[in-house]
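Take a look at the structure set out below.
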Amino acid sequence: MTHGNGNKPEVQERIGVYVCHCGSNIAGTVDVVQVAQWAAEKLKHRGVVIAREYKFMCSSLGQELVEKDIKELGLTRVVVAACSPHLHEKTFRTACARAGLNPYLCEMVSIREQVSWVHTDKIATTAKAKAVISGGVERVIHQVPLEPLTVPINPATLVVGGGIAGIQSALEIADAGFHVYMVEREPSIGGHMAQFDKTFPTLDCAACILTPKMVSVGSHPNVTLMTWSEVEKVEGYVGNFTVTIRKKARKINEELCTGCGICQEKCPKKVIDNVYEAGLGYRKAVYTPFAQAVPRFPVMDVENCTYFENGKCKACEKFCPTEAIDFNQQDEIVTINVGNIVLATGYDLFDARRVTNYGYGRLPNVFTSLEMERLTNAAGPTNGAIVLRDGKTTPNAVGIIHCVGSRDRNFNNYCSVICCMQSLKFAHLVHERTGATVYNFYIDMRTPFKDYDEFYQRVMEEGTLFVRGKVAEVTDVPRIPSEEGKLIIQVEDTLVGRQRRIPVDMVILSSGLEPRADAKETAKRFGISCSINGWFIEKHPKLDPIATMTEGIYIAGCAQGPKDIPASVSQGAAAAARVLGKIEQKEMALEPVRASVIEEQCSGCRICNGLCPFNAISFHEDRMVSEINPALCQGCGTCVAACPAGAITGTGFSNDQIMAQIEGLLMLNVEKEPVAA
Amino acid sequence: MTETFEPTIIGFTCNWCSYRAADLAGTARVKYPPNVRLIRLMCSGRLDPTFVFKAFANGADGVLITGCHPGECHYIEQNYKALRRFILMRRTLQGLGLEPVRVKLVWASAAEGVKLAGEITSFVEEIRALGPLHWGKSDESSSVIHQPSSLQEEVPA
Chain A
366 MTHGNGNKPE VQERIGVYVC HCGSNIAGTV DVVQVAQWAA EKLKHRGVVI
416 AREYKFMCSS LGQELVEKDI KELGLTRVVV AACSPHLHEK TFRTACARAG
466 LNPYLCEMVS IREQVSWVHT DKIATTAKAK AVISGGVERV IHQVPLEPLT
516 VPINPATLVV GGGIAGIQSA LEIADAGFHV YMVEREPSIG GHMAQFDKTF
566 PTLDCAACIL TPKMVSVGSH PNVTLMTWSE VEKVEGYVGN FTVTIRKKAR
616 KINEELCTGC GICQEKCPKK VIDNVYEAGL GYRKAVYTPF AQAVPRFPVM
666 DVENCTYFEN GKCKACEKFC PTEAIDFNQQ DEIVTINVGN IVLATGYDLF
716 DARRVTNYGY GRLPNVFTSL EMERLTNAAG PTNGAIVLRD GKTTPNAVGI
766 IHCVGSRDRN FNNYCSVICC MQSLKFAHLV HERTGATVYN FYIDMRTPFK
816 DYDEFYQRVM EEGTLFVRGK VAEVTDVPRI PSEEGKLIIQ VEDTLVGRQR
866 RIPVDMVILS SGLEPRADAK ETAKRFGISC SINGWFIEKH PKLDPIATMT
916 EGIYIAGCAQ GPKDIPASVS QGAAAAARVL GKIEQKEMAL EPVRASVIEE
966 QCSGCRICNG LCPFNAISFH EDRMVSEINP ALCQGCGTCV AACPAGAITG
1016 TGFSNDQIMA QIEGLLMLNV EKEPVAA
Chain B
15 MTETFEPTII GFTCNWCSYR AADLAGTARV KYPPNVRLIR LMCSGRLDPT
65 FVFKAFANGA DGVLITGCHP GECHYIEQNY KALRRFILMR RTLQGLGLEP
115 VRVKLVWASA AEGVKLAGEI TSFVEEIRAL GPLHWGKSDE SSSVIHQPSS
165 LQEEVPA
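Structure representation (structure tokens):
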């Protein structure tokens, strides 16, 4: 015999083994009585002083059994062979703690999910249960007492993204009395919602409900608002993040600027506004994106400013009554400390140019949904007049195409959630303002939330025409005289079962939502991940759609997946509630499954440095050793496995423990007991 | 000797995906052969190649490594490290004159109980077809590769 447990020195520990029947769930395929007897006899030399079987170990009587043995028999280790540790590890650890044993000296091995429920041969299953228990016993010998780590929680919070989700989150936290830093990369907060005219299904004006909230954020004593700014670096861990923010140079002294708007008025340079006006309108080279912008300070567009082009002009400086123009202003790097972070970075609109057969960018009277939002907006480039690209002609017939870039294998498989309702809203507005005939081309109508279907009924009653079918093509090539000068929508009407060509004057593409183009880099910066489609991944798709796998980082709004305004607001508020819960704890306990470096054994090779996705490992140049920050470490153990010097240990999953468990699991083979008879 | 060879397989699972897949296989009562004995790690990235050779040295005929699907790792990207090590381990096994297919890597999400059970079943058959490894039976061969911390413990008294 070479390597079994037979020739190992006697173990000093006093181990109790508890085998659960789980009614007949385990006892049905595992001879639990025999297993307990075997453990008491054959594992005696491994320190097992007592082995019991019981009907339901997790019952209070079962737990008392363990507690009593710890006290009376002086057990130093406990092995519970029952269900999956994911179910009852905490139960038995707590029981051990009640009896005065460090909870981490209790090892739970599964003989139900991984044994009795998946095998049928009683002899083989019983043998496997023995092997699993033997593995647990060997492993628990090497377990060491652990204490949970506690870290203090910094009460300040960072909210990234000033759209409606971020605004809601920031206000909830600030109203509760805690400080919020809000970072927004555009010159103003407000997000996509600030571009909209009406909101479905109630048709209340977006600005009327949004701008008061924006003002609250801007004037809240607990909010530090940083627009025209971006997060560059995130270090630290839950409760103690250090965030580096780049405040891009506005070329405006915020201390002096009153937001009077004279500089915008006097600036001679007009620039097409591709962001706020979706390319339909102009702004100046020094500008606030819209009249109600928060903050009111303008931003200078250096790339388009005449002064930065040829050194002349300075009209803004000349007319500024407070001397707030500062052409020499540079980007500023700000470092803040926060305990929690809410990411509400929003979405990008699907680029409709990619669906070439719909002609966007080639046929002038094909519009995207965002262009349509600006066109219908009373404060938009046409003052709310729905007209063709020439700026004056009112359309007589309008086609609205749903699912552009969504539910389409060529682009995005997912449903963008908002487009059906948005299309209905456009149908209503076009109908109301122009009296035009409106066609909606849909694959399926999806109107599932409160008052949404009622809105659909209303739009149908208004006379909007619905054609069920995916549009094949939008073309300006006529086949018959009545199609001349029109855009022709070629579609298979699947309810009639035939091809149709419908001439219209204007086409609106209800483009889908896409993750931000830089969502992956953002995720990496904050230590979270993106799904296959590129949305931020939540901790659990149903039970925790707000937290992420990284403690202290929460997600809200469309950054997590397409959603409408009510859902974004709900998620923003929910994220705030989670943050407030963390703040109120003041400090939090972390599972003590962590890696640490034994300095004497570290050769300073730095192999581990690049392996950690949480940046928990730092290198000390002076001592030439690596060190692991226990609060940053998530306990994956990759560095433990990689250290060529064996200088990194992982608590809870040490090399000794796993090696011993392998030995224990294979002990029966060494003893030449057949696995299956 | 007419009895069929029953291989012993050590399976490494990660805490977040594949162990939960094994839990799910149990809850759903999906059946697979009892030849596999599972060890739970926090992450497939924790898998030290030493563990694999230790398992072979102690009598395992095959080693199954499982983890979250690429892109779905709980620890962001550590399963890619497991993947790299897996490829190296297969090459090393070949260098040692062993069949590299005695180590197998399977991705299984927490929802893929049926898939995991299927992979275990086919792996048991693959190893059964290869025959026993007999590594753990030869003397003094078991402590070939060890890290210092475990060496200290393993040195015979």
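Residue numbers (this note's numbering), protein chains in the order written: chain A, 366 to 1042; chain B, 15 to 171. Here a beta-carbon is modelled for each residue, glycine too, at the ideal position from N, C-alpha and C. Just so we're clear, the structure is a prediction, and the values are computed from it rather than from any experiment.
From the beta-carbon of residue 41 of chain B, the residues of chain A found nearer than 8 Å are 478 and 482.
In the DSSP assignment, residue 135 of chain B falls within the alpha helix (DSSP H) that extends over 127-144. Per DSSP, residue 385 of chain A lies in no alpha helix (DSSP H); the unbroken beta strand (DSSP E) holding it starts and ends at 380-385. Residue state for residue 914 of chain A is assigned as coil, using DSSP reduced to three classes. Not a single C-beta of chain A is nearer than 8 Å to the C-beta of residue 116 of chain B. Take residue 624 of chain A, set aside five residues on each side of it, and the residues of its chain with a beta-carbon closer than 8 Å to its own are 653, 660, 661, 662 and 663, in chain order.
Non-local C-beta neighbours of residue 868 of chain A in its own chain, meaning closer than 6 Å and more than five positions away in sequence, comprise 848, 851 and 853, ordered along the chain. Taken through DSSP and simplified to helix, strand or coil, residue 563 of chain A comes out as strand.
The residues 611, 612, 613 and 614, in chain order, have a CB closer than 8 Å to that of residue 696 of chain A in the same chain once the five nearest residues on each side in sequence are set aside.
The Cβ atoms of residue 497 of chain A and residue 490 of chain A lie no closer than 8 Å to each other. The beta carbon of residue 501 of chain A sits closer than 6 Å to those of 444, 472 and 474, all from its chain and outside the five residues before and after it, given in chain order. What residue 88 of chain B touches in chain A, judged by beta-carbon distance under 7 Å, is 914, going in chain order.
In the structure shown, the three-state DSSP call for residue 31 of chain B is coil. Non-local C-beta neighbours of residue 622 of chain A in its own chain, meaning closer than 7 Å and more than five positions away in sequence, comprise 662, 687 and 689, ordered along the chain. Contact annotation: residue 597 of chain A and residue 607 of chain A have beta-carbon atoms that are not nearer than 8 Å. DSSP places residue 536 of chain A inside the alpha helix (DSSP H), whose first and last residues are 529-540. If you ignore the 5 residues before and after residue 791 of chain A, its C-beta comes within less than 6 Å of the C-beta of 737, 765 and 873, all in its own chain and listed in chain order. Identification of chain A residues near residue 79 of chain B by a Cβ-Cβ cut-off of 8 Å yields none; the smallest Cβ-Cβ distance measures about 12 Å. The residue among A:492, A:730, A:746 and A:729 with its C-alpha nearest the C-alpha of residue 646 of chain A is A:746. The beta carbon of residue 904 of chain A sits no closer than 8 Å to any beta carbon of chain B.
Judged by DSSP secondary structure, residue 960 of chain A falls outside any alpha helix (DSSP H) and instead within the beta strand (DSSP E) spanning 960-962. At least 8 Å separates the beta-carbon of residue 457 of chain A from that of residue 56 of chain B. Residues of chain B whose Cβ lies closer than 9 Å to the Cβ of residue 490 of chain A are, in chain order, 48. In the structure shown, residue 697 of chain A adopts extended strand secondary structure according to DSSP, grouped into three states.
Between residue 531 of chain A and residue 922 of chain A, the gap from beta carbon to beta carbon is short of 8 Å.
In terms of beta-carbon proximity, residue 909 of chain A stays away from the interface with chain B, with every pair separated by 8 Å or more. Within the segment 537-613 of chain A, the runs of beta strand (DSSP E) that reach at least 3 residues and sit entirely inside it are, in chain order, 545-548, 588-591, 594-602 and 605-612. Going by DSSP, residue 54 of chain B is part of no alpha helix (DSSP H) but of the beta strand (DSSP E) stretching over 50-55.
Taking a C-beta cut-off of 7 Å against chain B, the contacting residues of the segment 975-1001 of chain A are 976, 978, 999, 1000 and 1001, listed in chain order. Against chain A, the CB of residue 131 of chain B has a partner CB under 8 Å away; the residue lies at that interface. Contact between the segment 133-153 of chain B and the segment 44-54 of chain B is present, with at least three C-beta pairs closer than 8 Å. Remark: C-beta atoms of residue 602 of chain A and residue 976 of chain A do not approach each other more closely than 8 Å. A Cβ-Cβ distance of about 16 Å is found for the pair residue 829 of chain A and residue 856 of chain A, leaving them out of contact under the 8 Å criterion.
Neighbours of residue 44 of chain B across chain A, judged by C-beta separation under 7 Å: 483. Excluding the 5 residues flanking it on each side, residue 782 of chain A has same chain C-beta neighbours closer than 7 Å at 927, 928 and 929, in chain order.
The contact set of residue 1026 of chain A on chain B, defined by CB atoms closer than 8 Å, consists of 53 in chain order.
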